[in-house]
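Here the UniProt record's numbering is used: the first residue of the sequence shown is 1, the next is one more, and so on. Below is one structure, written out as structure tokens, with a few remarks after it.
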Amino acid sequence: MHLELPETSVAAGTKIVELQISDELAQREEPLPTELAHVILTGPERVRLAGANGSGKSTLIRRILAHPGEVPPAEAPPSPYTVRFRVPETGHLPQRILLDPEATVLSCVAASNPGASEQQLRDRLAALLFRREEVFARVGDLSGGERLRVALARELLAAPAPRLLILDEPTNALDLPTVDWLVDALSTYRGALLLVTHDDDLAARVGIQRTLDLNAVGP
């Protein structure tokens with residue numbers, strides 16, 4: 001894959017996300033280690049978000065994605081963290097990919113980068129292995145793996161470029177060639193990555209540097 005994404009570069013040490021343990025958990029008898037009570041993700045760090053089902057991973061992602069100052073609704077399960085800071089340039093690939101089935105690959109990606117010319121987008125989509133007439137394919141006619149590729153291309157090629165990319169179990173039900181494509185695509189990304197996955201091999205292949213395990217945080 002011959003794709004360069006210099007616009008996603010983040011200087012080392014740049015604060016991307018800051019999390020603070022909830023007041024309830026902060027008051028328990030055995031205090032958490034500082035690295036769990038106050039978590040800062042800096043660029044271009046790659047962090048794995050781990051935890052058993054029901055530990056609050058999806059809730060925490062929703063909190064991170066919420067607009068600053070937005071009051072989160074009642075949550076189940078609750079998140080052990082409050083979000084003190086997040087960079088605005090954030091991309092998200094949810095477990096369930098939602099795309100307009102009537103859109104084409106090209107129009108779907110163009111919606112996230114309206115200032116780019118058609119040729120610029122086609123050149124970059126070609127680097128992501130959407131070549132020639134494939135960019136005019138209808139999204140509703142694509143396979144699940146192809147829709148994931150479109151969704152990630154939409155995030156990677158967005159303007160402004162993402163400085164944080166959040167992926168929630170991206171390899172569920174994917175075939176091996178699509179997993180390989182995902183690893184290659186993420187190798188071109190230069191920003192911070194927050195990855196939810198149960199796949200240890202995927203975590204190693206995309207260069208995860210540390211893990212935030214919610215099992216170690218919860219009550």
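Ideal Cβ positions, reconstructed from N, Cα and C, are used throughout, including at glycine. This one's a predicted model, so the numbers in the text were calculated from it and none came from an experiment.
Closest residue to residue i among the options (Cα-Cα distance)
i: residue 214; options: 2, 136, 59; result: 59
i: residue 190; options: 3, 4, 8, 2; result: 8
i: residue 204; options: 92, 156, 46; result: 46
i: residue 16; options: 90, 22, 171, 183; result: 90
i: residue 14; options: 22, 124, 79, 164; result: 164
i: residue 104; options: 85, 67, 146, 84; result: 146
i: residue 149; options: 120, 168, 125, 169; result: 125
i: residue 171; options: 193, 144, 155, 36; result: 144
i: residue 12; options: 25, 40, 3; result: 40
i: residue 95; options: 201, 176, 167, 24; result: 167
i: residue 113; options: 102, 127, 162, 97; result: 162
i: residue 142; options: 128, 99, 33; result: 99
i: residue 92; options: 152, 134, 22; result: 152
i: residue 160; options: 185, 173, 115; result: 115
i: residue 78; options: 53, 86, 87; result: 53
i: residue 175; options: 108, 217, 32, 202; result: 202
i: residue 193; options: 185, 184, 208; result: 208
i: residue 157; options: 140, 200, 109; result: 109
i: residue 106; options: 85, 133, 173; result: 133
Per-residue DSSP class, three states only, for residue i
i: residue 40; result: strand
i: residue 89; result: coil
i: residue 168; result: strand
i: residue 244; result: For the chain, the structure presents residues 1 to 219; residue 244 sits outside this window and is missing.
i: residue 156; result: helix
i: residue 14; result: coil
i: residue 20; result: strand
i: residue 138; result: strand
i: residue 84; result: strand
i: residue 58; result: helix
i: residue 63; result: helix
i: residue 151; result: helix
Inter-residue CB distance, residue i and residue j (contact presumed, cutoff 8 Å)
i: residue 195; j: residue 63; result: Not quite, the Cβ-Cβ distance comes to about 17 Å (not below 8 Å), so this is no contact.
i: residue 38; j: residue 20; result: 6 Å
i: residue 56; j: residue 10; result: Actually they do not touch by this definition, with Cβ atoms about 26 Å apart.
i: residue 178; j: residue 5; result: No, residue 178 and residue 5 are not in contact; Cβ-Cβ is about 20 Å, not under 8 Å.
i: residue 102; j: residue 138; result: 7 Å
i: residue 128; j: residue 212; result: At roughly 29 Å, the Cβ-Cβ gap does not stay under 8 Å, so residue 128 and residue 212 are not in contact.
i: residue 25; j: residue 88; result: Residue 25 to residue 88, Cβ: 27 Å. No contact.
i: residue 216; j: residue 65; result: Between residue 65 and residue 216 the Cβ distance is about 23 Å, and since that is not below 8 Å, they are no contact.
The alpha helix (DSSP H) enclosing residue i, as first and last residue numbers
i: residue 46; result: Residue 46 -> not in any alpha helix (DSSP H); beta strand (DSSP E) instead, spanning 46 to 50.
i: residue 211; result: No alpha helix (DSSP H) holds residue 211; the beta strand (DSSP E) holding it covers 210 to 213.
i: residue 177; result: 176 to 187
i: residue 205; result: 200 to 205
i: residue 9; result: Element bounds for residue 9: n/a, residue is neither H nor E.
i: residue 107; result: 105 to 110
i: residue 120; result: 118 to 127
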